[in-house]
Amino acid sequence: MTTATPLLDQETRQKWLALLDTLAAISARHPDAVFASSLAAEDMVLTHAIFEAQLPIEIFTLDTGRLHPETLAMVGRISQRYGVALRVVHPEPEAVKEHVARHGEFAFYDSIELRKACCGIRKVEPLRRVLAGRSAWLTGQHRDQSVTRADLQEAEYDRTFGLHKYNPLASWSDAQVWAVIRARDIPYNPLHDQGYPSIGCDPCTRAVRPGEHPRAGRWWWEQAASKECGLHESNIRFVKVKENG
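At position 53 of the sequence shown the residue is numbered 1403 (my numbering), and the sequence of numbers has no breaks.
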């Protein structure tokens, strides 16, 4: 007995087709564009779209040295499914070693400053290396992920890294992301089935409780308005302007 493939509703199907057109336009405008994948559900939708449309957008992921085994295993699953080996980027070993020696292995629990310093070494600096000399990058962010992303634009200029930034899923809902995953049989991180709607580094991510916001498990000891790692610093700046204004 076979299980029928779930069908997309009209709105989600239109969003999927529009996504393919948007990615093709970005690729034509920025032949050197790259996609930074966290290997989470949203990013797997973008990954599938890029491979399905056979676009020359390079996909890479940041291995911070603190990822869950299930997340790291996604690299192999992507290679097996799509026949493409993702580029895996690592932080500078000496920088990590020095930070841990000076502040401790779990210093990120002590203050936002130390947490952001850790993210800076393990995420931001490696990302900066990849983006150097590029004209654009893509992310899988969307607006209902967190308060810091509520006003996310589909296209913006990233002043932090000095290039164009595209968030093609900005207007998508979680339900639409998962509808496409199921309809197109897209591989996804099994942690999503274990109460992890948002997945980051192992020590900085926990499963969410019933009724909690999907990103409540990320840096759960911090206030919601500070929950970015530096990769998307413009989100934090916009929240601060709104709160203080």
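C-beta: ideal position from N, C-alpha, C; glycine also.
Owing to the predicted nature of the structure, the values given are computational and were not obtained by experimental measurement.
Here the segment 1399-1415 makes contact with the segment 1374-1385; the two share three or more CB pairs at distances below 8 Å. GLU1392 has its alpha-carbon roughly 6 Å from the corresponding atom of VAL1527.
Boundaries of the beta strand (DSSP E) around VAL1384: 1384-1386. Residue ranges of uninterrupted alpha helix (DSSP H) with 4 or more members, entirely inside the segment 1445-1528 and ordered along the chain, are 1462-1469, 1475-1481. LEU1396 sits in a helix when the DSSP states are folded into three classes. Assigned with DSSP and collapsed to three states, ARG1568 falls in strand. Using a 10 angstroms sphere on the CB of VAL1434, the tally of other CB atoms stays under 16, which defines it as exposed. Counting along the chain, the unbroken alpha helix (DSSP H) around ARG1363 starts and ends at 1360-1379. Assignment of beta-bridge partners to LEU1417 by DSSP yields CYS1551.
Contact check for ARG1416 against CYS1551 passes: the beta carbons are separated by less than 7 Å. Within the same chain, and ignoring the five residues on either side of TRP1570 in sequence, the residues whose Cβ sits closer than 8 Å to its Cβ are ARG1556. In this structure, the straight-line span from the alpha carbon of LEU1412 to that of ARG1559 is close to 27 Å. In its chain, beyond the 5 residues on either side, LEU1464 have a beta carbon closer than 6 Å to the beta carbon of ALA1457. Of all alpha-carbon atoms in THR1414, MET1424, ARG1427, the one lying nearest the alpha-carbon of LYS1447 is that of THR1414. Between VAL1439 and PRO1381 a beta carbon distance of about 20 Å is seen, past the 8 Å cut, so the two are scored as non-contacting.
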